[in-house]
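Residue numbers (our numbering), protein chains in the order written: chain A, 1 to 112; chain B, 1 to 112. These notes are about the structure you will find just below.
Laid out in structure tokens, this is it:
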């Protein structure tokens, strides 16, 4: 049973560019949440997708957007990258109605 | 005031020691409590989940919740070098749409 998978594992971009990160949830899960983890900090909630719609959003600007596909996989898009967007981006999957979330290995983004 | 506070450490203990990791939270609306373990450059791994006051045990790990004091703890018995990691507490509100709020994480090193 595959756990949560994310791609790519590492990414280097320059300021102003756009990036797309991908996530496949754990088998049987239908809800995907995205988190940003800066170095030395706990993960911060970006948003959550269920039934292909954004259900909840954290305190992140509109430069951060997402999408969920019919197979429950998800993408996170970040436009107009800033140096401060450098972080580990984590995807977590869960089953609607259940509290436990399972995380993927993350995508490490470096913005130069 | 942060919604959840966690001592970042680092905490260094000898092998076999009992480790106590703690978090405090500010809002009684938080009703679900989790502990994640995160190895360096990896995604968080769910260790313990509880929603009631009292203790929950799983092998060498015990999660303790005191809702009256808004205080949660994770105890690790007979600590091993393989327990060296960052431990993150995470809390969730009732009806909060499954958004996790994390502490900053406590870095633990278990030495031989």
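The C-beta atom is built at its ideal place from N, Cα and C for all residues, glycine as well.
Bounding residues of the beta strand (DSSP E) (the contiguous stretch that carries residue i)
i, result
"residue 29 (chain A)", "First-last for residue 29 (chain A): undefined, no H or E at that position."
"residue 91 (chain B)", "85–93"
"residue 109 (chain B)", "106–111"
"residue 6 (chain B)", "4–6"
"residue 87 (chain A)", "87–94"
"residue 113 (chain A)", "Given a span of 1 to 112 for chain A in the structure shown, any question on residue 113 (chain A) remains unanswerable."
"residue 79 (chain B)", "Note, residue 79 (chain B): premise wrong, no beta strand (DSSP E); not H, not E."
"residue 14 (chain B)", "11–14"
Residue(s) in a DSSP beta bridge with residue i
i, result
"residue 13 (chain A)", "A:111"
"residue 64 (chain A)", "A:78"
"residue 22 (chain A)", "A:7, A:75"
"residue 100 (chain B)", "Note: residue 100 (chain B) sits in no beta bridge, so no partner."
"residue 83 (chain A)", "Answer by DSSP bridge pairing: none, since residue 83 (chain A) is not bridged."
Distance between beta carbons of residue j and residue i, contact taken as under 8 Å
i, j, result
"residue 103 (chain A)", "residue 44 (chain B)", "5 Å"
"residue 90 (chain A)", "residue 35 (chain A)", "4 Å"
"residue 11 (chain B)", "residue 106 (chain B)", "6 Å"
"residue 86 (chain B)", "residue 75 (chain B)", "With 8 Å as the limit, residue 86 (chain B) and residue 75 (chain B) do not qualify as a contact, their Cβ atoms being about 17 Å apart."
"residue 82 (chain A)", "residue 111 (chain A)", "7 Å"
"residue 98 (chain B)", "residue 99 (chain A)", "6 Å"
"residue 70 (chain B)", "residue 25 (chain B)", "5 Å"
"residue 57 (chain A)", "residue 69 (chain A)", "Incorrect: roughly 19 Å between the Cβ atoms, too far for contact."
"residue 15 (chain B)", "residue 110 (chain B)", "6 Å"
"residue 6 (chain A)", "residue 106 (chain A)", "6 Å"
"residue 94 (chain A)", "residue 31 (chain A)", "5 Å"
"residue 81 (chain B)", "residue 108 (chain B)", "Not a contact, Cβ separation roughly 11 Å."
"residue 42 (chain A)", "residue 102 (chain B)", "3 Å"
"residue 50 (chain B)", "residue 56 (chain B)", "5 Å"
"residue 17 (chain B)", "residue 79 (chain B)", "5 Å"
Practice task
Let me know the beta strand (DSSP E) ranges lying completely inside the region 23–74 of chain B, each 3 residues or longer, listed in chain order.
Solution key: Unbroken beta strand (DSSP E) stretches of 3 residues or longer found wholly inside the region 23–74 of chain B: 30–38, 45–50, 54–58, 61–66, given in chain order.
Practice task
List in chain order: all unbroken beta strand (DSSP E) runs of 3+ residues lying wholly within the region 34–59 of chain A.
Solution key: DSSP assignment within the region 34–59 of chain A yields the following whole beta strand (DSSP E) runs of 3 residues or more, N-terminal first: 44–50, 53–57.
Exercise for the section: Give the residues from the region 29–51 of chain A that approach chain B closer than 8 Å (Cβ to any Cβ), ordered along the chain. Expected result: Answer set for the region 29–51 of chain A: 31, 33, 35, 40, 41, 42, 43, 44, 45, 48.
Exercise for the section: Report the residues of the region 87–107 of chain A with a CB closer than 7 Å to any CB of chain B, ordered along the chain. Expected result: So the close ones are 90, 94, 99, 100, 101, 102, 103, 104, 105, 106.
Practice task
Give the residues from the region 87–105 of chain B that approach chain A closer than 9 Å (Cβ to any Cβ), ordered along the chain.
Solution key: The region 87–105 of chain B vs chain A, Cβ under 9 Å: 88, 89, 90, 92, 96, 97, 98, 99, 100, 101, 102, 103, 104, 105.
Problem - Contacting positions in the region 50–68 of chain A - beta carbon closer than 8 Å to chain B - result: Correct list: 55, 56, 58.
Exercise for the section: Pull out every residue of the region 43–55 of chain B whose Cβ sits closer than 9 Å to any Cβ of chain A, in chain order. Expected result: Residues of the region 43–55 of chain B with a C-beta atom less than 9 Å from some C-beta of chain A are 43, 44, 45, 46, 49, 51, listed in chain order.
Problem - Selection of the region 24–42 of chain B by Cβ proximity to chain A, strictly under 8 Å - result: Answer in chain order: 32, 34, 36, 41, 42.
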